[in-house]
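For the sequence shown, full-length UniProt numbering begins at 1 and goes up steadily by one. For reference, the structure is listed below as structure tokens.
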Amino acid sequence: MAKPVLENMAKGELQKNMQLEVSPTWDGRNKKVAYMECFGRLMAGITPWLSLPDDNTLESKQRKQLREWALESYKNAVDPNSPDCLLWKGEGQLMVDAAYIAESFLRGFDTFWTPLDEQTKKRYINNFLGVRAIDPPYTNWVLFSSTIESFLAKVGAPYDTYRVNSAVRKVEEWYVGDGWYADGPDFAFDYYSSYVFHPMYLETLKAMDEAKAHNRIDYKKYWERELKRAQKFSIILERFISPEGTFPVIGRSTPYRLAALQPLALMAWYQTLPKDLSNGQVRAALSKVMHRMFDEQNNYNTGGFLTIGFCGNQPGTADWYTNNGSLYMTSLSFMPLGLPADAPFWTDAAQPWTQVKAWGGLAFPKDHRWSDDIKTKDRY
1 MAKPVLENMA KGELQKNMQL EVSPTWDGRN KKVAYMECFG RLMAGITPWL SLPDDNTLES
61 KQRKQLREWA LESYKNAVDP NSPDCLLWKG EGQLMVDAAY IAESFLRGFD TFWTPLDEQT
121 KKRYINNFLG VRAIDPPYTN WVLFSSTIES FLAKVGAPYD TYRVNSAVRK VEEWYVGDGW
181 YADGPDFAFD YYSSYVFHPM YLETLKAMDE AKAHNRIDYK KYWERELKRA QKFSIILERF
241 ISPEGTFPVI GRSTPYRLAA LQPLALMAWY QTLPKDLSNG QVRAALSKVM HRMFDEQNNY
301 NTGGFLTIGF CGNQPGTADW YTNNGSLYMT SLSFMPLGLP ADAPFWTDAA QPWTQVKAWG
361 GLAFPKDHRW SDDIKTKDRY
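Here you go:
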């Protein structure tokens, strides 16, 4: 999945060689948005894995090569002289994928942000500041803005507290309970709690706390509460996984494939799985889904890039904003790869997950509504 993207982009040839696909109902936006979507979303999923230390394994050699390509790709993404300089102006969509690039830096800060040369860092900061010209829709997009601003805070650049805190307050208003967020004022039964809300809310709060950006909001306390919500949602996602390794196809943006399971993967990487979920059952469940989706179905086009669809080539699943760069969000399920080989997630014995137990006549835990037990007040 990663090699065709990073090998080409490291040489400044992604935009030349990527076999691009767009939705049959494409809304006419500049197709160059696809390249930022492809790169930013891919890196948001694999920076934890690429940040592992080198060793003598074949996997490590693969990681090292991908890491080197990725660092060159990060430079090319903002180099105005590179053929692969990304589209940083002219389309509202770039706010979304600038946020995924910022998220990738947050997830692999020491490996991918710290080594960049000062000129490249300045280019990123200036481009992130330029995203403020975009007025986000009254939906999950407020977290794209807050993710960028919290990254700016973390690196000591000028940041906008209002953009962060207004996003925090809106997200709190949109929490409907038991791990679910509404995507704006109205609830939709989809996976946007997975795609955006839980991960980017956690990362916004964590980055602001690490930046010591103390103001009215106690980011650490908000983070502790949001972590519990994400844990509950990970329980729901684990229960969605059938014994056969499938999960419900609901809502819009279904071609994002395994991104639907991002909070479960994130809790595994954080090593904060709730007590009802063992490492062995989560690893077994995620592995089963990945094999079910990628072992036999044709999920790549002839150029080696992801093809539009959920499980195979299914162009009709695309929304008006979907291109095959969008689909690299599926890498967000790979975050547990960022755990070392001796982590319990890898060493614990595989165990049956909830639906295997339930449909196999085995004992399984009950599921009840979780209520917030952490209350927050403004500091002043």
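In this text, a Cβ means the ideal position worked out from N, Cα and C, and glycines have one as well.
If I follow the unbroken beta strand (DSSP E) through residue i, where does it start and stop?
| i | result |
| --- | --- |
| residue 177 | 175–177 |
On the three-state DSSP scale, how would you describe residue i?
| i | result |
| --- | --- |
| residue 22 | strand |
| residue 181 | strand |
| residue 324 | coil |
| residue 159 | coil |
| residue 106 | helix |
| residue 222 | helix |
| residue 306 | strand |
| residue 380 | coil |
| residue 191 | coil |
| residue 256 | helix |
| residue 100 | helix |
| residue 35 | helix |
| residue 300 | strand |
| residue 361 | coil |
| residue 236 | helix |
For residue i, which option in the options has the closest C-alpha, if you only look at C-alpha atoms?
| i | options | result |
| --- | --- | --- |
| residue 83 | 14, 33, 68 | 14 |
| residue 241 | 281, 218, 49 | 281 |
| residue 260 | 341, 109, 92, 199 | 199 |
| residue 44 | 331, 352, 356, 345 | 331 |
| residue 249 | 302, 211, 311 | 311 |
| residue 28 | 366, 147, 323, 98 | 323 |
| residue 107 | 346, 275, 293, 266 | 266 |
| residue 160 | 145, 171, 169 | 145 |
| residue 222 | 236, 349, 207, 105 | 207 |
| residue 219 | 376, 175, 197 | 376 |
| residue 156 | 139, 209, 239 | 209 |
| residue 233 | 134, 194, 123 | 194 |
| residue 115 | 51, 334, 3, 300 | 51 |
Under the rule that 16 or more other beta-carbon atoms within 10 Å means buried, what is residue i, buried or exposed?
| i | result |
| --- | --- |
| residue 271 | exposed |
| residue 185 | exposed |
| residue 231 | buried |
| residue 75 | buried |
| residue 381 | The first residue shown for the chain is 1 and the last is 380, placing residue 381 beyond what the model contains. |
| residue 371 | exposed |
| residue 320 | exposed |
| residue 90 | exposed |
| residue 374 | exposed |
| residue 177 | exposed |
| residue 119 | exposed |
| residue 97 | buried |
| residue 298 | exposed |
Which stretch, first to last residue, makes up the alpha helix (DSSP H) that contains residue i?
| i | result |
| --- | --- |
| residue 75 | 58–78 |
| residue 246 | Residue 246 -> no alpha helix (DSSP H), and no H or E assigned at all. |
| residue 146 | 141–154 |
| residue 3 | 3–10 |
| residue 81 | Neither: residue 81 is in no alpha helix (DSSP H) and is coded neither H nor E. |
| residue 205 | 198–210 |
| residue 351 | Neither: residue 351 is in no alpha helix (DSSP H) and is coded neither H nor E. |
| residue 290 | 279–294 |
| residue 120 | 118–130 |
Is there a C-beta anywhere in chain B that falls below 7 Å from the one on residue i?
| i | result |
| --- | --- |
| residue 66 | The structure shown contains no chain B, having only a single protein chain. |
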